[in-house]
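Each residue of the sequence shown is one higher than the one before, starting from 1119 at the first, in my numbering. A virtual CB, placed ideally from N, CA and C, is assigned to each residue, including glycine. These numbers come from a predicted model, not from an experiment. For reference, the structure is listed below as structure tokens.
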Amino acid sequence: MNVKPDSPAAESLPGRLGITRREAIRRGLSGAAGLALAGPLTGAKAASGAAKAKSVIQIWMWGGPAHLDTFDPKPEAGPAYCGPFTKPIATNIEGIRICELLPLLAKQADKYSILRGLTHGINGHETASYLVQTGREPGDGQVYPAVGAVVSHFRGYGAGYQGLIPPYVVLTEPQGRFSEAGFLGSRHKPFATGGDPSKTPFVVEGVVAQGITDERQHTRRELLHRLDTLALTMKGDPRLAALGQTEGQAYDLILGDAGKVFDLGTETDAMRERYGRSRFGQSCLVARRLVERGVPYVTINYKGWDTHKQHFQAMRRMLPELDRGLATLLEDLSERGLLNSTLVWWQGEFGRTPKVQTEAPWNGGRGHWGKAFCGVLAGGGFKGGQVVGATDDRGEEVGERPIYPPDLIGSIYTQLGIDPEATLPHPQGLEVRVTPPIGPKSKRGGLLSEIMESLP
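Dropping the structure here:
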């Protein structure tokens, strides 16, 4: 007999210390037990439709990257707009140029498509982040789930996913802008690793405990069992059996093969150097290892792009780091035969002001700009070597082929085999589609059919 995780019986599991299941999760009992309780014991509806992509690596450019200084350069607009970046470089696709500080990505342009028509017109971090990651504008009293949570619902436990690593992982900390799980609830909340993968060891929350050896973990578990008189008095109780299963899953994650996915010590020094020893570079390497293990959705929250001041100084430091990590990720996935089934999505919540803000107090910064910005899609059923949409000569407005958040999100769902018009379970029984219907608050330019490979 199995205890359903949302049933009253499960909520009242006494546990080994006489506490409830809810309290056990809150305290993080048995290391990663909270992960396991939210894992294989929960259910989800299966996705419908054929899929080109099995996994997504979302590189979230936290703060909003400047489109003119990355994948939509405008040197002809002059230094008032392009600043010191006056010499964009050609890529390995004729006619496509990108920022001069992205030479490695220039050699990989055949693997990705650039979206230069992204737009929504919102300049606030929280609202723009919510819109870009859910496809919905706020204001109707609902908190909609982000793409990662929707994928967790359709591709996670109950839909064929068997891994102990949760199906939605964030490297290394959540945004905190909104609840990524939305009304889907805590079972689809992302597992945020914490820690820093560029450090040794990579201290993953609930999985890797710094300074505690595997032998000591085994000893602790044995001591816990010796002190467990409750197990003797309640032997055969299905509630205790459920907690025992959870404990076993937690220790399999801590001491078994599953948790070793986070151990970058098993990679060669050459591979780690190839990605770059930065937090971002090593996060890209961890992301590759996770999708290699079949994890459906991985987000890398890449901080530091809210560059109101000292913008170009920051770009000279951060763009080479981005270039090395992302270019290596695309190349590595391709070499391993994983790019066709792994969708890589690079984007922030908006772009930055095309005209450089030279006045005080910014003194050479760029502000928020939601009218026009750019993104990148690679693999997972999206063609490479393409550009979709275009901005005007100064990068201020979308001149052709506008791409709104629901267009992009719906295209991603389609390549994952998730019907954009499918419904999501709502706690109040409301009928909610995966993507919003067209209306005054949901503009559309259409799915990205220009770069979507046909489904089998």
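Residue 1478 counts as exposed, since fewer than 16 other C-beta atoms from the protein chains shown sit within 10 angstroms of its C-beta. DSSP places residue 1432 in the helix class (H, G or I) of the three-state scheme. The way I'd put it, the region 1527-1535 doesn't touch the region 1198-1210; fewer than three beta-carbon pairs between them come closer than 8 Å. Looking at the DSSP output, residue 1309 shares a beta bridge with 1287. Proximity to residue 1539 across 1545, 1552, 1548 peaks at 1552, based on C-alpha coordinates. If only uninterrupted alpha helix (DSSP H) runs of at least 4 residues are considered, those enclosed by the region 1493-1550 are 1523-1533. In this structure, the straight-line span from the alpha carbon of residue 1505 to that of residue 1234 is close to 7 Å. Under the Cβ criterion (8 Å, minimum of three pairs), the region 1226-1241 counts as touching the region 1503-1519.
Residues of the same chain with a CB within less than 8 Å of the CB of residue 1182, apart from the 5 flanking positions on each side, are 1243, 1246, 1423, 1424, 1466, 1467, 1468, 1469, 1470, 1486, 1487, 1491 in chain order.
Each residue's CA atom was taken as its position, placing residue 1432 and residue 1190 some 18 Å apart.
Assignment of residue 1491 by DSSP, reduced to helix, strand and coil, places it in the strand class.
Taking C-beta atoms under 8 Å as the contact rule, residue 1282 and residue 1320 fail to qualify, at a distance of about 17 Å. Ranked by Cα distance from residue 1511, the first of 1179, 1318, 1186, 1195 is 1195. Residue 1427 and residue 1483 have their C-alpha atoms roughly 4 Å apart. It is roughly 19 Å from the alpha-carbon of residue 1222 to the alpha-carbon of residue 1461. In the three-state DSSP reduction, residue 1210 falls in the coil class, being neither helix nor strand.
Between residue 1288 and residue 1417, the C-beta spacing is below 9 Å.
Between residue 1236 and residue 1472, the beta carbon gap of about 14 Å keeps them out of contact (Cβ cut-off 8 Å). In the three-state DSSP reduction, residue 1419 falls in the strand class (E or B).
Residue state for residue 1486 is assigned as strand, using DSSP reduced to three classes.
At a Cβ-Cβ threshold of 9 Å, residue 1291 and residue 1324 do not count as neighbours. Of the candidates 1318, 1307, 1297, the residue whose Cα lies closest to the Cα of residue 1400 is 1318. Note on geometry: alpha-carbon atoms of residue 1419 and residue 1177 lie some 6 Å from one another. Straight across, the Cα-Cα distance linking residue 1386 with residue 1286 is about 26 Å. With respect to residue 1413, residue 1173 sits close: the two C-beta atoms are nearer than 9 Å. When only Cα atoms are considered, residue 1408 and residue 1273 end up about 15 Å apart. In the displayed model, residue 1279 falls within coil according to three-state DSSP, outside both helix and strand.
Annotation for residue 1389: the continuous alpha helix (DSSP H) segment containing it runs 1387-1393.
Sequence-distant partners of residue 1550 (beyond 5 residues in either direction) whose C-beta falls short of 6 Å from its own C-beta, in its chain, are 1542, 1544. Straight through space, the alpha carbons of residue 1535 and residue 1562 are spaced by roughly 21 Å.
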